[in-house]
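Peer 1:
2 protein chains.
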Amino acid sequence: MLRVGYPSAISVDLLRDFALEVEWIALPDGLDHQIKIDVWIPDPYPTRAIRIWPHLRGVRLVLSLLAGTEWIPGVVGPHVTICNAHGAHNVATAEWTVAAIFALLKHFPLYLDIQRSGIWKRRFEAPAQYASITQDPRPHYPPVMLEELSGKTALIVGYGAIGKEIERMLEPFRVEILRVARTARALPTVYPVSDLNALLPRAEIAILILPATAETQRLIDRPQFALLPQGALLVNAARGPVVSTDALVEALRAGRIRAALDVTDPEPLPEGHPLWSCPNLLLTPHVAASSPQFAANALRTAAGELCRYMAGEPLRNVVRAAV
Amino acid sequence: MLRVGYPSAISVDLLRDFALEVEWIALPDGLDHQIKIDVWIPDPYPTRAIRIWPHLRGVRLVLSLLAGTEWIPGVVGPHVTICNAHGAHNVATAEWTVAAIFALLKHFPLYLDIQRSGIWKRRFEAPAQYASITQDPRPHYPPVMLEELSGKTALIVGYGAIGKEIERMLEPFRVEILRVARTARALPTVYPVSDLNALLPRAEIAILILPATAETQRLIDRPQFALLPQGALLVNAARGPVVSTDALVEALRAGRIRAALDVTDPEPLPEGHPLWSCPNLLLTPHVAASSPQFAANALRTAAGELCRYMAGEPLRNVVRAAV
Numbered sequence: 074m075l076r077v078g079y080p081s082a083i084s085v086d087l088l089r090d091f092a093l094e095v096e097w098i099a100l101p102d103g104l105d106h107q108i109k110i111d112v113w114i115p116d117p118y119p120t121r122a123i124r125i126w127p128h129l130r131g132v133r134l135v136l137s138l139l140a141g142t143e144w145i146p147g148v149v150g151p152h153v154t155i156c157n158a159h160g161a162h163n164v165a166t167a168e169w170t171v172a173a174i175f176a177l178l179k180h181f182p183l184y185l186d187i188q189r190s191g192i193w194k195r196r197f198e199a200p201a202q203y204a205s206i207t208q209d210p211r212p213h214y215p216p217v218m219l220e221e222l223s224g225k226t227a228l229i230v231g232y233g234a235i236g237k238e239i240e241r242m243l244e245p246f247r248v249e250i251l252r253v254a255r256t257a258r259a260l261p262t263v264y265p266v267s268d269l270n271a272l273l274p275r276a277e278i279a280i281l282i283l284p285a286t287a288e289t290q291r292l293i294d295r296p297q298f299a300l301l302p303q304g305a306l307l308v309n310a311a312r313g314p315v316v317s318t319d320a321l322v323e324a325l326r327a328g329r330i331r332a333a334l335d336v337t338d339p340e341p342l343p344e345g346h347p348l349w350s351c352p353n354l355l356l357t358p359h360v361a362a363s364s365p366q367f368a369a370n371a372l373r374t375a376a377g378e379l380c381r382y383m384a385g386e387p388l389r390n391v392v393r394a395a396v
Numbered sequence: 074m075l076r077v078g079y080p081s082a083i084s085v086d087l088l089r090d091f092a093l094e095v096e097w098i099a100l101p102d103g104l105d106h107q108i109k110i111d112v113w114i115p116d117p118y119p120t121r122a123i124r125i126w127p128h129l130r131g132v133r134l135v136l137s138l139l140a141g142t143e144w145i146p147g148v149v150g151p152h153v154t155i156c157n158a159h160g161a162h163n164v165a166t167a168e169w170t171v172a173a174i175f176a177l178l179k180h181f182p183l184y185l186d187i188q189r190s191g192i193w194k195r196r197f198e199a200p201a202q203y204a205s206i207t208q209d210p211r212p213h214y215p216p217v218m219l220e221e222l223s224g225k226t227a228l229i230v231g232y233g234a235i236g237k238e239i240e241r242m243l244e245p246f247r248v249e250i251l252r253v254a255r256t257a258r259a260l261p262t263v264y265p266v267s268d269l270n271a272l273l274p275r276a277e278i279a280i281l282i283l284p285a286t287a288e289t290q291r292l293i294d295r296p297q298f299a300l301l302p303q304g305a306l307l308v309n310a311a312r313g314p315v316v317s318t319d320a321l322v323e324a325l326r327a328g329r330i331r332a333a334l335d336v337t338d339p340e341p342l343p344e345g346h347p348l349w350s351c352p353n354l355l356l357t358p359h360v361a362a363s364s365p366q367f368a369a370n371a372l373r374t375a376a377g378e379l380c381r382y383m384a385g386e387p388l389r390n391v392v393r394a395a396v
């Protein structure tokens, strides 16, 4: 029977729900002896997974519980097939993206500060670090306290399953959507990455949701920040290295843009890093997909792949085939 | 020609866009002499509007720029017709509601605290005031860092134009919607207010978006908080007096519920009020509708009413007719 290793912290009840004819091997975090398994479901925390790997023997297939698998090839080498959890975290990741956009447009960081000060005041009485950085030459009365998402233009960089889910969730807000992906497509129009710089000046909101690869490293660097409109909102729900952190810190400190990040480069972000204290920033510590549905959704995707593997059918979510 | 008084702080360019055959009379905040006008567009801040009123003569029609008009009848008396800005702020108010729901489900207040501490940590390492108050007996690995909106049940109390807009915006999140209004309806099912208590136990999210009237005062009081599920999220985008503040403070302090409020009772909330320091609360100072689109949207609604008034047609947004 196929031996499938999984992190012992995951409830075995969840695995049994899938009723697969495999032998489930729980791999404890402090594993200190060799274990023979055929298929490895690594711990979603890479540091834990990497500690386990030297004790594993016979692994032919890795089924990641995450969408991003960038650390795996370097650890397991070329003779193992790697699949990701394609689709499992679409809803949670897309929801975080919409939530983060709203938190910044509605100026919730400011209003939380006001709430904690315990004094009823509004944006025009707020500390200087909350001065508006958007371009709006018109006089306003009553004063502007927050912004509307409806009617804005959003650029989705990486138009895969999660990018499409984000577009679906933005639908009721009448957002004009621009799409960029590795390969151009039609119906709807998806522009190639080579058009990115031409599209950035229209992006009031720029959403990064593309895989971290050699080609996407620092895709958003000084020239790209310079092309964004004044006060634009950059949302990174992808991976930290897609953005140049130095250029991001510069753009935030200069009051050029706003940003919402669930990922950073480096990660974890060390104490004292300048990003922590940048203005117009919401930073969450890589938690977007970590909802109560995480394990069940990711294991359902892995179980589907296992069924196909046992039946000798082609796998669906291969991100790197064994050589 | 009809004389229409408006707050001088509002840009006259906005008014001219409507090309109405009326005489626009700018009313400065410090007005100290009597002015004869036929129609009054009061300042959206009631304290300013109330200061102006004693100097106005001849007013037959009040066109409010807001949806809520609760202070107006007591000030202008029974011989003036009062219209509200029905529909003008639907998008902004509904957006705030969705944004506030997301801010609490994604635990952004916690993550902003973590960001400001400058130490990369996650929810399981968070201060005790952020302990989860939701009911979830299952063990979770990886640990739960935030929640999903998708799949939750939301009760919309007040199913008017803004309530419908909120439902439209929740559509992509596959939220089960329960609706309550003054009068029951079918297609979709709208329950009467008398069914409120029977519906509250199902409301993971309870959204208040109904007018403040004698009947709705303290509609949500101790018995209603007791009926909500453990960890439910109460959202008040209506008016403060719809909720008993004492009962709300009790429920928050007891860790029974979470809340997002754009309105309070009293308002403004005084310094030292216990609500300021309640846990599991997001409080914004009555800003939901104050977007850059506020004045243009509200004046467009008022201009429509003015056209009908001049043409002798029935008005559409009368909330209290003159006797």
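In order, the protein sequences belong to chains A and B.
Using our numbering, count along the first sequence one by one with no gaps and you end on 396.
Using our numbering, count along the second sequence one by one with no gaps and you end on 396.
Beta carbons: idealized from backbone N, C-alpha and C, even for Gly.
Keep in mind it's a predicted model, so treat the numbers as computed, not measured.
I need the straight-line Cα distance from V308(B) to S205(B), nearest angstrom please.
Peer 2: Each residue's alpha carbon lies about 18 angstroms from the other.
Peer 1: For H213(B), count the other beta carbons within 10 Å of its own beta carbon; 16 or more makes it buried, fewer makes it exposed. Which is it?
Peer 2: Buried, by the Cβ-count rule.
Peer 1: Are E96(B) and R76(B) touching if we call contact CB-CB under 8 angstroms?
Peer 2: Yes, the pair counts as a contact, with Cβ atoms nearer than the cut-off.
Peer 1: Note down, in chain order, all residues in the region 155-169 of chain A with a beta-carbon under 8 angstroms from any beta-carbon belonging to chain B.
Peer 2: Hits within the stretch, in order: V164, A165, E168, W169.
Peer 1: Give me the chain B residues within the contact set of K194(A), using Cβ-Cβ distance strictly less than 9 angstroms, ordered along the chain.
Peer 2: Under the 9 angstroms cutoff, chain B gives P341, P358.
Peer 1: In the DSSP assignment, find the unbroken beta strand (DSSP E) run with P216(B) in it and report its ends.
Peer 2: Counting along the chain, P216(B) falls outside any beta strand (DSSP E), and DSSP gives it neither H nor E.
Peer 1: Per the DSSP calculation, G191(B) is bridged to which residue(s)?
Peer 2: None, per the DSSP bridge assignment.
Peer 1: Just to confirm my understanding: we take G377(A), look at its own chain, exclude 5 residues before and 5 after, and list those with CB closer than 8 angstroms. What are they?
Peer 2: Here the set comprises R389.
Peer 1: I'd like the list of long-range same chain contacts for I155(B), defined as Cβ closer than 6 angstroms, with 5 residues on each side in sequence excluded.
Peer 2: Same-chain partners within the cutoff: V135, T142, I145, V392, R393.
Peer 1: Listing by chain order, which chain A residues have their CB less than 9 angstroms from the CB of Y184(B)?
Peer 2: Per Cβ cutoff of 9 angstroms: L355, L356, T357, P358, V360.
Peer 1: Between R329(B) and C351(B), is the Cβ-Cβ spacing less than 8 angstroms?
Peer 2: No, these two residues do not count as a Cβ contact at 8 angstroms.
Peer 1: Under the three-state reduction of DSSP, which class applies to K237(A): helix, strand or coil?
Peer 2: In this structure, K237(A) counts as helix in the three-state DSSP scheme.
Peer 1: So is S267(B) in contact with chain A if we call contact Cβ pairs under 8 angstroms?
Peer 2: Chain A, which has no Cβ nearer than 8 angstroms to the Cβ of S267(B), makes this no.
Peer 1: Enumerate in chain order the residues of its own chain whose CB-to-CB distance from V322(B) is below 7 angstroms, with the five nearest sequence positions on each side excluded.
Peer 2: Cβ within range, chain order: P347, L348, C351.
Peer 1: Exposed or buried, which one is A167(B) when buried takes at least 16 other CB atoms within 10 Å?
Peer 2: A167(B) should be labelled buried.
Peer 1: Is the beta carbon of P151(B) closer than 8 angstroms to that of R195(A)?
Peer 2: Cβ atoms of R195(A) and P151(B): not closer than 8 angstroms.
Peer 1: What is the residue span of the alpha helix (DSSP H) that V171(A) lies within?
Peer 2: From DSSP, the alpha helix (DSSP H) with V171(A) extends over 163-178.
Peer 1: Taking 8 angstroms as the cut-off, decide whether the C-beta atoms of E220(B) and P365(A) are in contact.
Peer 2: Yes, these two residues count as a Cβ contact at 8 angstroms.
Peer 1: Let me know the secondary structure DSSP gives I123(A) once reduced to three states.
Peer 2: It is helical.
Peer 1: Is the number of C-beta pairs between the region 232-240 of chain B and the region 156-175 of chain B that are closer than 8 angstroms three or more?
Peer 2: Contact between the region 232-240 of chain B and the region 156-175 of chain B is present, because at least three Cβ pairs lie under 8 angstroms.
Peer 1: Verify whether the separation of the beta carbon atoms of L100(A) and S81(A) is less than 8 angstroms.
Peer 2: Against a cut-off of 8 angstroms, the Cβ pair of S81(A) and L100(A) comes out as a contact.
Peer 1: At the level of alpha carbons, what is the spacing between G103(B) and Y79(B)?
Peer 2: Roughly 13 angstroms separates the two Cα atoms.
Peer 1: Along the chain, where does the alpha helix (DSSP H) containing T318(A) start, and where does it finish?
Peer 2: Per DSSP, T318(A) belongs to the alpha helix (DSSP H) from 318-326.
Peer 1: Can you name, in chain order, every residue of its own chain whose Cβ lies under 6 angstroms from the Cβ of A324(B), other than the five neighbours on each side?
Peer 2: Contacts found: F298, I330.
Peer 1: From which residue to which residue does the beta strand (DSSP E) around T337(A) run?
Peer 2: That residue, T337(A), is in no beta strand (DSSP E); it is neither H nor E in DSSP.
Peer 1: With 9 angstroms as the limit, tell me which residues of the region 210-221 of chain A have their beta carbon closer than that to any beta carbon of chain B; keep them in chain order.
Peer 2: Correct list: R211, P212, H213, Y214, P215, P216, V217, M218, L219, E220, E221.
Peer 1: Can you say whether R247(B) is buried or exposed, counting buried as having 16 or more other CB atoms within 10 angstroms of its CB?
Peer 2: It is exposed - the Cβ of R247(B) has fewer than 16 other Cβ atoms within 10 Å.
Peer 1: Rank P215(A), P119(A), H128(A) by C-alpha distance to the C-alpha of G147(A) and give the top, closest one.
Peer 2: Checked all of P215(A), P119(A), H128(A); the closest Cα to G147(A) is P119(A).
Peer 1: Does DSSP put G78(A) in a helix, in a strand, or in coil?
Peer 2: Correct three-state label for G78(A): strand.
Peer 1: Which class does Y184(A) belong to by DSSP, given the choice of helix, strand or coil?
Peer 2: It is helical.
Peer 1: Would you list, in sequence order, the uninterrupted beta strand (DSSP E) runs of no fewer than 3 residues that lie entirely inside the region 260-309 of chain A?
Peer 2: The qualifying runs are 278-281, 305-309.
Peer 1: Run down chain A in chain order and give the residues with a C-beta less than 8 angstroms from the C-beta of M242(B).
Peer 2: Ordered by position in chain A, the residues that pass the 8 angstroms Cβ test against M242(B) are P245, F246.
Peer 1: Note down, in chain order, all residues in the region 80-98 of chain A with a beta-carbon under 8 angstroms from any beta-carbon belonging to chain B.
Peer 2: The region 80-98 of chain A vs chain B, Cβ under 8 angstroms: P80, A82, I83, S84.
Peer 1: Given this structure, state the Cα-to-Cα distance separating I110(A) from A199(B), to the nearest angstrom.
Peer 2: Between I110(A) and A199(B), the C-alpha separation is close to 36 angstroms.
Peer 1: Is the shortest distance between the beta-carbon of S363(B) and the beta-carbons of chain A less than 8 angstroms?
Peer 2: Closer than 8 angstroms to some Cβ of chain A, the Cβ of S363(B) qualifies, so yes.
Peer 1: How long is the line joining the alpha carbons of Q107(B) and W126(B), rounded to whole angstroms?
Peer 2: Answer to the nearest angstrom: the Cα atoms are 10 angstroms apart.
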